[in-house]
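Undergrad: One point on numbering: in the working numbering, the residue at position 62 of the sequence shown is 63, and numbering is uninterrupted. Just so it is clear, CB atoms sit at the ideal spot from N, CA and C, and this is done for glycine as well.
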Amino acid sequence: MAPSPLGDGHVPTLGLPGSQGRGAMEERGAMEGRGAVERGDVCMCQTVFPSHADHRGELSAGQLLKWMDATACLAAEKHAGVSCVTASMDDIQFEEAARVGQIITIKTKVNRAFKTSMEVGIKVMVQDVLTNVEKIVSVAYATYIAKPVGAGKIELEPVKLLSTEDHLEHSLAIERRRIRLGYEQVFQNLMHESNKEGDYCEKDGISTDLTHVQSIELIQPPHANHHGNTFGGQIMAWVEKVASISASRLCHSYPVLKSVSMFKFWGPSVVGDRLVFSAIVNNTFQNSVEVGVHVEAYNCEEWIKNQARHINSAFLIFNAVNDSGELLTLPRIKPTTQDGMRRYRGAIARRRIQLIRYIVDIYSNHSLDLIYCTLFQIKIWTHEEGEMLSLKVEMQVKIPSHLAFCLLSDFTLRLQWDKHFLTCKVLQAMDEDDKIYYVTSPPMTGHKPRDFVILVSQRQPFKPSEPYIVAVKSVTLASMPPSSEYWRSEILCAGFHIYSDSDSSCTVCYFNQVTSAVTPYFAANLAGSSKSIEDTALECRKFLEMNNSFKSVNTT
2 MAPSPLGDGH
12 VPTLGLPGSQ
22 GRGAMEERGA
32 MEGRGAVERG
42 DVCMCQTVFP
52 SHADHRGELS
62 AGQLLKWMDA
72 TACLAAEKHA
82 GVSCVTASMD
92 DIQFEEAARV
102 GQIITIKTKV
112 NRAFKTSMEV
122 GIKVMVQDVL
132 TNVEKIVSVA
142 YATYIAKPVG
152 AGKIELEPVK
162 LLSTEDHLEH
172 SLAIERRRIR
182 LGYEQVFQNL
192 MHESNKEGDY
202 CEKDGISTDL
212 THVQSIELIQ
222 PPHANHHGNT
232 FGGQIMAWVE
242 KVASISASRL
252 CHSYPVLKSV
262 SMFKFWGPSV
272 VGDRLVFSAI
282 VNNTFQNSVE
292 VGVHVEAYNC
302 EEWIKNQARH
312 INSAFLIFNA
322 VNDSGELLTL
332 PRIKPTTQDG
342 MRRYRGAIAR
352 RRIQLIRYIV
362 DIYSNHSLDL
372 IYCTLFQIKI
382 WTHEEGEMLS
392 LKVEMQVKIP
402 SHLAFCLLSD
412 FTLRLQWDKH
422 FLTCKVLQAM
432 DEDDKIYYVT
442 SPPMTGHKPR
452 DFVILVSQRQ
462 PFKPSEPYIV
472 AVKSVTLASM
482 PPSSEYWRSE
492 ILCAGFHIYS
502 DSDSSCTVCY
512 FNQVTSAVTP
522 YFAANLAGSS
532 KSIEDTALEC
542 RKFLEMNNSF
552 KSVNTT
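This is the structure we're talking about:
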């Protein structure tokens with residue numbers, strides 16, 4: 002038996018989509034080909050009725066997850082031409098609440114097909130019928146497996162790419178897949194490093210024993226598809242319900258689901274099975290709380306013998322708000338058992354490795370405004386939405402792409418060209434591609450100097466047409482807490498894309514997404530001449546071209 006996943010990260014096998022099932026992520030052998038579809042988009046529209054809503058009159062997260070899974074499954078089956086099963090739905094973010102009377106629109110499409118698996122992108126919008134205003138509710142990515150009836154196997158044809166956005170998502174899908182497949186190793190590395198830090202001690206922390214919730218459901222025909230397998234979305238809805246109850250016992254208010262680190266399906270369940278859901282709070286992070294949920298299935302014989310099948314693991318993040326909608330500060334957790342400590346550290350590890358997935362999702366050129374093109378052929382785009390500023394800088398460099406990748410992925414070298422870096426040191430090397438750095442930056446007028454704890458991940462392309470990627474995101478590290486000497490700042494997502502133009506030249510694209518509070522640091526003169534950005538880009542290009550003979554083990 003695998004250990005309880007309430008605090009562990011595991012890469013499981015499958016589930017179903019609409020329903021769950023068994024299978025391998027990449028199947029080999031005699032294959033049956035399927036033609037690529039010209040357009041695999043599927044759209045679902047729903048009116049939010051009172052039966053779909055919670056006590057606040059808002060669409061329940063469980064109901065939304067059921068709709069998302071059903072729509073994404075139909076997109077996968079449209080491409081595959083056969084029944085599909087859900088392997089996972091991960092990194093789900095909830096941005097807006099939908100209220101009774103509003104319209105929900107769910108758009109899904111297959112971003113990339115592999116051998117027997119495919120990634121489906123999901124975008125959820127809410128529309129107010131009175132004002133006609135539309136807002137994004139959620140963006141998520143799900144993995145589905147083609148499961149033809151009988152013993153036959155299937156090899157999926159590639160997705161036809163019809164637009165710039167299709168090409169972008171197709172390129173990003175392989176990176177997200179790499180993260181999923183490498184998740185277990187990265188998680189274990191972080192847990193190993195966490196164990197070196199010794200036992201946690203929080204005098205004022207509280208125990209999570211009272212947050213444990215157990216619930217049971219009997220799978221009936223309305224919960225399953227035509228094959229008798231339980232809808233994955235139905236299981237996700239039940240998981241959200243028990244996790245919400247667990248979170249409410251800690252925060253003593255009504256929790257609001259903000260994100261899901263992962264829904265992983267390990268195996269199938271069918272009509273007649275009993276599902277037992279166990280939920281408990283793993284950790285809190287000031288305004289958020291992580292709840293882990295463990296799902297076991299029993300058929301009639303297994304129920305009598307108490308022989309469980311572990312079929313699902315999930316980790317959900319909640320906020321707690323008061324009557325005015327303001328975020329509540331949550332109490333710190335004090336692990337009281339060895340298992341509690343494991344779950345506590347596991348939550349921290351998962352928080353650290355929620356990275357890259359959105360690194361360039363918002364940076365396709367059609368959503369950015371070109372505001373500056375210099376005599377040195379440095380192009381600058383920006384896009385503002387609310388308090389968020391997105392920045393893209395593009396330049397051509399006379400250096401092979403693999404050398405530029407090696408130079409830009411080593412952040413200890415950044416002091417040589419970026420004036421915003423005072424010091425930079427490696428805190429942890431999780432593996433050869435992922436490192437955690439501590440960076441200090443000079444003060445702005447009237448403010449303390451800033452510091453950052455960032456995770457830098459580097460990825461080489463699978464094909465010559467794909468870019469080298471260097472992704473950056475702030476993380477939390479217990480061994481490096483905020484200091485009174487510095488103003489601890491956050492990088493939401495940033496990094497480089499490096500495209501090969503020839504054997505001796507490349508195009509370097511720098512991306513950054515910041516809040517209005519950090520804008521002066523990274524885009525000092527955006528409203529004017531953008532001279533600061535241009536100067537930094539010129540220094541970067543000069544640094545790269547002066548180190549054209551740079552050698553590194555990363556060039557392999």
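Could you tell me whether the region 141-151 touches the region 76-89, using the rule of 3 or more Cβ pairs below 8 angstroms?
TA: The region 141-151 vs the region 76-89: in contact.
Undergrad: Report the rounded CA-to-CA distance for Gly-183 versus Asn-190, giving the unit in angstroms.
TA: Numbered from its first residue, the sequence shown carries residue 183 at position 182. Numbered from its first residue, the sequence shown carries residue 190 at position 189. Each residue's alpha carbon lies about 11 angstroms from the other.
Undergrad: For a quick check, are the C-beta atoms of Ala-538 and Tyr-511 less than 9 angstroms apart?
TA: Counted from its first residue, the sequence shown places residue 538 at position 537. Counted from its first residue, the sequence shown places residue 511 at position 510. Contact flag set, yes.
Undergrad: Should the region 98-106 be called in touch with the region 261-280, which here means at least 3 C-beta pairs below 8 angstroms?
TA: They do not touch, by the three-pair rule.
Undergrad: Please name the residue, chosen from Ser-490, Leu-392, Gln-378 and Ser-391, that lies closest to Val-398 on a Cα-to-Cα basis.
TA: Your numbering for residue 398 matches position 397 in the sequence shown. Residue Gln-378 is the option with its Cα nearest to Val-398.
Undergrad: For the alpha helix (DSSP H) containing Leu-409, list its first residue and its last residue.
TA: Sequence index remark: in the sequence shown, residue 409 carries index 408 (1-based). Looking at the DSSP string, the run of the alpha helix (DSSP H) that includes Leu-409 is 402-410.
Undergrad: Hey, quick one: how far does the beta strand (DSSP E) through His-311 stretch, first residue to last?
TA: Here residue 311 corresponds to residue number 310 of the sequence shown, with the count starting at 1. From DSSP, the beta strand (DSSP E) with His-311 extends over 310-321.
Undergrad: My output table needs one value for Phe-544: the three-state DSSP class, helix, strand or coil.
TA: As a first step, residue 544 is located in the sequence shown; it is residue number 543 there, counting from the start. Residue state, collapsed to three classes: helix.
Undergrad: Leu-258 lies in the beta strand (DSSP E); which residues open and close that run?
TA: The sequence position of residue 258 within the sequence shown is 257, counting from 1. That run of the beta strand (DSSP E) goes 256-266.
Undergrad: Between which two residues does the beta strand (DSSP E) holding Gln-235 run?
TA: To locate residue 235, count along the sequence shown from 1; it is residue 234. Taken as a continuous stretch (DSSP letters only), Gln-235 belongs to no beta strand (DSSP E), being part of the alpha helix (DSSP H) at 233-252.
Undergrad: Does Lys-306 come out as helix, strand or coil in the three-state DSSP assignment?
TA: Taking the first residue of the sequence shown as position 1, residue 306 is located at position 305. Lys-306: helix per DSSP, three-state reduction.
Undergrad: Asn-323 and Ser-254 look like a contact to me (Cβ under 8 angstroms); what is the Cβ gap, rounded to whole Å?
TA: By 1-based counting over the sequence shown, the position of residue 323 is 322. By 1-based counting over the sequence shown, the position of residue 254 is 253. Right, the Cβ-Cβ distance comes to about 7 angstroms (below 8 angstroms), so this counts as a contact.
Undergrad: Nearest CA to the CA of Ser-325: which residue from Ser-164, Val-43, Ser-52 and Arg-57?
TA: Start at 1 with the first residue of the sequence shown, and residue 325 comes out as number 324. The candidate whose alpha carbon is nearest that of Ser-325 is Arg-57.
Undergrad: Pick out whichever of Asp-419, His-498, Pro-483 and Leu-456 has its Cα sitting closest to the Cα of Phe-544.
TA: If you number the sequence shown from 1, residue 544 lands on position 543. Selected option, being the one with the closest Cα: Asp-419.
Undergrad: Using the C-alpha atoms, what's the distance from Val-125 back to Pro-482?
TA: Along the sequence shown, read from residue 1 onward, the residue named residue 482 stands at position 481. Along the sequence shown, read from residue 1 onward, the residue named residue 125 stands at position 124. So the alpha carbons of these two residues sit roughly 36 angstroms apart.
Undergrad: Can you tell me which of the three DSSP states Met-481 falls into?
TA: Position 480 of the sequence shown, counted from the start, is the residue given in the question as residue 481. Residue state, collapsed to three classes: coil.
Undergrad: Find out if the Cβ-Cβ distance for the pair Ala-244, Val-294 is shorter than 9 angstroms.
TA: As a first step, residue 244 must be located in the sequence shown, where it is residue number 243. As a first step, residue 294 must be located in the sequence shown, where it is residue number 293. Result yes, Cβ atoms of Ala-244 and Val-294 sit closer than 9 angstroms.
Undergrad: Less than 7 angstroms between C-beta atoms, sequence neighbours within five positions excluded: which residues of the same chain meet that for Ile-207?
TA: Translated into the one-based positions of the sequence shown, residue 207 becomes position 206. If we look at Ile-207 and ignore the five residues flanking it on each side, its Cβ neighbours are Pro-332, Ile-334 and Lys-335.
Undergrad: Give the straight-line distance between the Cα atoms of Glu-546 and Leu-456, rounded to the nearest whole angstrom.
TA: Walking along the sequence shown from the start, residue 546 turns up at place 545. Walking along the sequence shown from the start, residue 456 turns up at place 455. One C-alpha to the other measures close to 26 angstroms.
Undergrad: Let me know the secondary structure DSSP gives Trp-382 once reduced to three states.
TA: In the sequence shown, counting from the first residue as 1, residue 382 sits at position 381. Reduced to three states, the DSSP call for Trp-382 is strand.
Undergrad: Based on DSSP bridge pairs, tell me the residues matched to Ile-349.
TA: Within the sequence shown, the letter at position 348 stands for residue 349. Its beta-bridge partners do not exist; DSSP assigns none.
Undergrad: Which residue's Cα is closest to the Cα of His-171: Phe-50, Val-277, Glu-491 and Met-119?
TA: Position 170 of the sequence shown, counted from the start, is the residue given in the question as residue 171. Nearest C-alpha to His-171: Met-119.
Undergrad: Going along the chain, which residues of its own chain have a beta-carbon closer than 7 angstroms to the beta-carbon of Phe-463, five neighbours each way excluded?
TA: The sequence position of residue 463 within the sequence shown is 462, counting from 1. Within the same chain, Phe-463 has close Cβ partners Ile-175.
Undergrad: Does DSSP classify Ala-99 as helix, strand or coil?
TA: For the purposes of this step, residue 99 is identified with residue 98 of the sequence shown, where counting begins at 1. In the structure shown, Ala-99 sits in coil (DSSP, three-state: anything other than H, G, I, E or B).
Undergrad: Assess, as a yes-or-no matter, whether the region 249-264 is touched by the region 225-232 under the definition of 3 or more beta carbon pairs within less than 8 angstroms.
TA: No, they do not touch.
Undergrad: Excluding five sequence neighbours on each side, which residues of the same chain lie with their C-beta closer than 8 angstroms to the C-beta of Pro-450?
TA: Stepping through the sequence shown from its first residue, residue 450 is reached at position 449. If we look at Pro-450 and ignore the five residues flanking it on each side, its Cβ neighbours are Leu-423, Thr-441, Ser-442, Pro-443, Pro-444, Glu-486, Tyr-487 and Trp-488.
Undergrad: Tell me the DSSP bridge mates of Tyr-469?
TA: In the sequence shown, counting from the first residue as 1, residue 469 sits at position 468. Beta-bridge pairing links Tyr-469 to Ile-499.
Undergrad: Restricting to runs no shorter than 4 residues, where is the alpha helix (DSSP H) found entirely within the region 46-90?
TA: Whole alpha helix (DSSP H) segments, 4+ residues: 62-81.
Undergrad: Can you tell me whether Phe-50 is buried or exposed? The criterion is at least 16 other CB atoms within 10 Å of its CB, across all chains shown.
TA: Counted from its first residue, the sequence shown places residue 50 at position 49. Exposed, since its Cβ has fewer than 16 Cβ neighbours within 10 Å.
Undergrad: Pick helix, strand or coil for Arg-181, following the three-state DSSP scheme.
TA: One-based indexing of the sequence shown puts residue 181 at position 180. Of the three classes helix, strand and coil, the one that applies to Arg-181 here is helix, per DSSP.
Undergrad: Pull up the distance between the alpha-carbon of Phe-264 and that of Arg-310, whole angstroms please.
TA: Mapped onto the sequence shown, residue 264 falls at position 263. Mapped onto the sequence shown, residue 310 falls at position 309. So the two alpha carbons sit approximately 17 angstroms from each other.
Undergrad: What are the boundary residues of the beta strand (DSSP E) that includes Phe-115?
TA: Here residue 115 refers to the residue found at position 114 when the sequence shown is read from its first residue. That residue, Phe-115, is in no beta strand (DSSP E); it is neither H nor E in DSSP.
Undergrad: Got a sec, what are the start and stop residues for the beta strand (DSSP E) Ile-146 sits in?
TA: Reading the sequence shown from its first residue, position 145 is the one you call residue 146. Its beta strand (DSSP E) spans residues 135-147.
Undergrad: Roughly how many angstroms separate the alpha carbons of Ile-492 and Phe-453, rounded to a whole number?
TA: As a working note, residue 492 is residue 491 in the sequence shown. As a working note, residue 453 is residue 452 in the sequence shown. Using only the alpha carbons, I get a separation of about 8 angstroms.
Undergrad: May I have the straight-line CA-CA distance separating Gly-153 from Cys-74, to the nearest angstrom?
TA: Mapped onto the sequence shown, residue 153 falls at position 152. Mapped onto the sequence shown, residue 74 falls at position 73. Rounded to whole angstroms, Gly-153 to Cys-74 spans 20 angstroms at the Cα level.
Undergrad: From the DSSP secondary-structure annotation, give me the bridge partner or partners of Gly-122.
TA: Taking the sequence shown and counting its residues from 1, one reaches residue 122 at position 121. DSSP output for Gly-122 lists Lys-110 and Tyr-142 as bridge partner(s).
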